[in-house]
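Reviewing the structure listed below.
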Amino acid sequence: MDTAYVGSPVARASQPTRTEPLAAGDFMLVPHGYGTDASTQVWVGSHNVQVLDRLWLRCEPVPAADGAMAPAYESSCRDIPLRLDRQAEGLNFAFLSIPTVPGCRYRLTLWQWDRGEAVVRARAECRGKPDGLRNRFNLWYGTCFYRHGDNGALAEAFSGLPEDYRPDVSFLGGDQVYLDTAFSNRGFVFTPGFSTANFSPLALRPAASIRQRLNRIFTREYQANWGGGLRELLSYGNHYFLAGDHEFWNDYPNPPGFLPALWSGKVRRIWAECARTLFNAYQLPHGNAACAFEVGEDLSFFVLDTRLQRGRGTDGQFTDPATLRRLEDWLTGLTGPGVLVLPAPILTPWQFRGAGIGRALMVKLGFGDHSLADTGQYEALVRALNACPQDVLIMAGDVHFSRLARFELNGKQVVEVVSSPLSCLPSAAAVADQRPNVFPDRPADGIRAEVEYLKAGTTRAHKRAEISNNNFVTLSFTRADAGVRVEVVCWNISARNERGEPVVDWDSRELLLRAHNNEKSS
20 MDTAYVGSPV ARASQPTRTE PLAAGDFMLV PHGYGTDAST QVWVGSHNVQ
70 VLDRLWLRCE PVPAADGAMA PAYESSCRDI PLRLDRQAEG LNFAFLSIPT
120 VPGCRYRLTL WQWDRGEAVV RARAECRGKP DGLRNRFNLW YGTCFYRHGD
170 NGALAEAFSG LPEDYRPDVS FLGGDQVYLD TAFSNRGFVF TPGFSTANFS
220 PLALRPAASI RQRLNRIFTR EYQANWGGGL RELLSYGNHY FLAGDHEFWN
270 DYPNPPGFLP ALWSGKVRRI WAECARTLFN AYQLPHGNAA CAFEVGEDLS
320 FFVLDTRLQR GRGTDGQFTD PATLRRLEDW LTGLTGPGVL VLPAPILTPW
370 QFRGAGIGRA LMVKLGFGDH SLADTGQYEA LVRALNACPQ DVLIMAGDVH
420 FSRLARFELN GKQVVEVVSS PLSCLPSAAA VADQRPNVFP DRPADGIRAE
470 VEYLKAGTTR AHKRAEISNN NFVTLSFTRA DAGVRVEVVC WNISARNERG
520 EPVVDWDSRE LLLRAHNNEK SS
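Counting from 1, position 83 in the sequence shown corresponds to residue 102 in our numbering; the numbering is continuous, with no gaps.
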């Protein structure tokens, strides 16, 4: 792992002398997932700030919500010197790993010595990865944040979550930025994401000029989202980031039909390089597009990005062969329930059946999206899931609706939870799709399972159609006699109850992931 420093106590904490109001987005502090050996990874970033010296990170154990105190040996603060010595366009940042006690809660604060006084620059909270499910373990999942449609609703909804549902770990499953619409919305806008800028003759410019213009647009979008609508969410819990297509452009890496500025191979190459550099800086500073972690012996997680290494066209790969083998080994080697975190659903139609006309033709021409079932590695994923000996829960998003589905596959249960969008791009309205009826829709070695759709998100009127309400989901895992009990709640981001909490859109509070004895079904 590429880290700036390994955090260790270097000084006893002294009391602060001054707390200054934070300028939105100047400094940010984001717990960035679990490291190895009971550690937590932390990302510290600064937008366009000139004075970057005399910084330190304070790590302070705090009582849990139920009043439980930190262990005696972890009862004092640690101050860890920092240098923001990594750079991307418009950003200075550091990425470090700090030792944390399993299950212990921490208050993180970024300090700077300024004019003879200690000043708070950013704050965050997180919890060390627990070593089992003795207590509730909470997960948050959301995708697709179009900031112009948010108006502060996500931050308000997240702040209003009841304490019992505040996340230990959060998965941002893709489209944390919409770089293609950020480019498009500069011109005369016909509808968000489509304007006169779509026809910009970028290809006629020198490469350096293209790069400069795109960096300016993309950097502004990241700063607006990280310092604005996503800031509240990113300051609480440990975070994992997956790429959606809009971290690049719609249906990346395939050329988009509705954005002629990207028809040029030269422009696509420079665009992808600029976008990937920023993604690596903000969302993937450790460089790992796939990772796994365990909550003791009770629950195992595998987090897989299926966009960054996606191949072009029908039957392109969704990851590299080595990572696919890691996923297959994880699925077939599970000794208890597992959670597979993806950007997009596995319960999805295969669009290239038959002669490849209709929907398939639109996708080929760049006016639609390739689904996971349209990739060349989908059948391998289906086979590995079929061979898995344990119940599996799949997290997915991207499709602009929420849904809960399950099916029995080769002697075990597979559950898929879909949540999308956090804030909908108006031109991409959708309602819950209850397809396919059989898994998989794309044939694979005669594998076949009837799908049961249990829940679907609510909708509202949108022009002359319907649109799904903006949403995110929380999952709470607790130990049960026969496995792991899961409480799934989908929250309506735009609605509040009398206590100011987000309204429950749908829920399933008695889901059980069974632990099997690993005698695989034939």
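Each residue gets a CB set at the ideal place from its N, CA and C atoms; glycine is no exception.
In this chain, E136 is not harboured by any alpha helix (DSSP H); it is covered by the beta strand (DSSP E) spanning E136 to R146.
Shown here for R126: same chain residues with a beta carbon closer than 7 angstroms to its own, the five before and five after excluded, namely E79, V81 and E144 in chain order.
Of the candidates R155, R515 and G355, the residue whose Cα lies closest to the Cα of A174 is R515.
T478 is bridged by DSSP to S487.
Taken through DSSP and simplified to helix, strand or coil, G248 comes out as helix. Judged by DSSP secondary structure, R533 falls within the beta strand (DSSP E) whose first and last residues are P521 to R533.
In this structure, the CA atom of L253 is about 19 angstroms from the CA atom of C123. Within the stretch 360-389, complete alpha helix (DSSP H) segments of at least 4 residues are found at 378-383, given in chain order.
Per DSSP, the unbroken beta strand (DSSP E) holding N111 starts and ends at L110 to P118.
Within 10 angstroms of the beta-carbon of Q131 lie 16 or more other beta-carbons, which makes it buried. In this structure R498 touches R153 by the C-beta definition: roughly 7 angstroms separates them, less than 8 angstroms.
For the 8 angstroms CB-CB criterion, Q409 and H305 do not form a contact. If you draw a straight line from the Cα of V138 to the Cα of A113, it is about 19 angstroms long. Sequence-distant Cβ neighbours of D464 in its own chain, meaning closer than 7 angstroms and more than five residues away, are R402. In the structure shown, the three-state DSSP call for T325 is coil.
Per DSSP, A262 lies in no beta strand (DSSP E) and is assigned neither H nor E.
Relative to the Cα of D187, the nearest Cα in the group H167, S203, P100 and R155 belongs to R155. Counting of Cβ neighbours within 10 angstroms places E182 among the exposed residues, the total staying below 16. In its chain, beyond the 5 residues on either side, T351 have a beta carbon closer than 6 angstroms to the beta carbon of A406. The Cβ atoms of R425 and E485 do not sit closer than 8 angstroms to each other. For the 8 angstroms CB-CB criterion, H258 and V49 form a contact. Remark: fewer than three beta-carbon pairs, one from each stretch, lie closer than 8 angstroms, so the stretch 473-488 and the stretch 426-433 are not flagged as touching. CA-CA distance, W525 to T238, rounds to 36 angstroms. Judged by beta-carbon spacing, V63 lies beyond the 8 angstroms limit of I117, meaning their Cβ atoms are not closer than that value.
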